[in-house]
Structure formats: structure tokens, C-alpha cells
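Counting from 60, one number per residue, gives the positions in the sequence shown under the working numbering. Every residue gets a Cβ at the ideal spot worked out from N, C-alpha and C, and that includes glycine.
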Amino acid sequence: MAARRVARAILRDDDDADDAVQDGVLAAWRAIDRYDPARPFRPWLMRIVLNAALDARRRRRVRQSEVLHEGYESGGPLPDRTTDQSLFRERFRQALNGLPERQRVAVVLFDAEGYAHAEIAEVLGVPEGTVRSYVFHGRRALREALGDFKEEKA
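Encoded structure:
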């Protein structure tokens with residue numbers, strides 16, 4: 060689902076992404092009377108989900124700073140990844156997470172979800188040319204980040 064991928068690209072956590080999508084769909088349901096049927100529905104809904112994910116990220120940052128302030132550290136070591144496929148997946152995830160937020164969202168919507176540049180522009184509230192730039196630069200950064208992975212495996 061496109062909404063989940065967008066939320067996942069922002070929040071970088073499956074459970075938080077699911078919660079953000081649920082919050083976004085609920086917010087869209089509540090705001091359905093403000094939807095303009097003359098405009099495409101999908102970008103309207105995606106924008107609401109994007110905002111819900113951004114709100115969730117802000118709330119999470121506040122919670123994390125409170126936890127760090129109390130001197131508590133959570134989490135543990137990541138499990139070993141031994142297969143080439145899981146190594147590549149992890150490297151790709153890291154590279155994608157390293158992109159600026161708007162580039163990351165544009166790349167996910169364009170390449171993974173098949174959105175048109177115009178639809179992404181409406182979701183992000185930027186000109187279509189800016190979306191093209193986000194996708195171009197995001198792809199280039201991913202190629203650069205993953206280029207050495209191909210060389211290691213050759």
C-alpha cells in the first residue's frame with residue numbers, strides 16, 4: 060500500500076507507519092466533506108497520511124528526548140545479517156533513510172508506487188520540476204551509496 064510506504068519512509072518503523080496510516084485515514088474520513096471531487100483523490104489522501112506521519116515523527120522525537128533526558132537507553136544490537144540479499148536490503152534501507160525526507164518520499168512514491176510526477180507534486184505541495192529534481196538526486200544518491208556493494212559482490 061502506497062500510504063504505508065510513505066509513512067515507513069518517514070518513520071522508519073513498520074508499527075509506527077501502520078499507526079500513522081490509520082491516523083491519516085481516520086483524519087481523511089473526518090475531513091471528507093472538505094475533499095474537492097474535481098481533484099484527484101489519491102494525492103489528497105496521501106497528503107493527509109504524509110502529515111500524520113510527520114506528526115507521529117515529531118511526537119516520537121519528543122518522547123525520545125524525554126527518555127534520553129532520564130538517562131535511559133533502549134534497544135540492543137541488531138541481529139547478524141549473513142546473506143547477500145539481507146545485506147543488500149539493509150544497505151538499501153540505510154541509503155534510503157539517509158536521503159533528505161522529500162527526496163525519500165518522492166523516490167518511494169515514484170519508483171515503488173508508480174505515482175506520476177504531477178501526483179507527487181500535489182502530495183508534497185511543490186512544483187512538478189522540483190519533484191523531478193528530488194527523484195533524480197535521490198536516485199543518484201542511492202546509486203552512489205550502493206555502488207560499492209555491487210563492486211564487493213563482483
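Close beta carbons around residue i, own chain, < 6 Å, minus the five adjacent residues each side
| i | result |
| --- | --- |
| A68 | R163, V164 and V167 |
| A171 | R64 |
| A112 | A66, I69, L70 and A79 |
| R191 | H176 |
| G206 | none |
For residue i, the three-state DSSP class (helix, strand or coil)
| i | result |
| --- | --- |
| A90 | coil |
| Y193 | helix |
| G184 | coil |
| E172 | coil |
| L158 | coil |
| A76 | helix |
| D207 | helix |
| M60 | coil |
| R106 | helix |
| A66 | helix |
| R71 | coil |
| R98 | coil |
Beta-carbon contacts of residue i that lie in its chain and below 8 Å, excluding the five residues immediately before and after
| i | result |
| --- | --- |
| A62 | V80, G83, V84, L104, M105 and V108 |
| A200 | A154, G157, L158 and Q162 |
Closer than 6 Å: residue i CB and nearest the ligand HEM heavy atom
| i | result |
| --- | --- |
| V182 | With respect to small molecules bound, the structure shown includes none, and the ligand HEM cannot be examined in it. |
Closest by C-alpha distance to residue i, when choosing among the options
| i | options | result |
| --- | --- | --- |
| A76 | A200, G184 and D114 | D114 |
| R98 | E203, A177, V190 and S192 | A177 |
| R150 | A204, R120, E160 and G173 | A204 |
Cβ shell of residue i (< 7 Å), same chain only, five flanking positions each side left out
| i | result |
| --- | --- |
| V194 | A165, V166 and F169 |
| R202 | none |
| P102 | E178, E181 and V182 |
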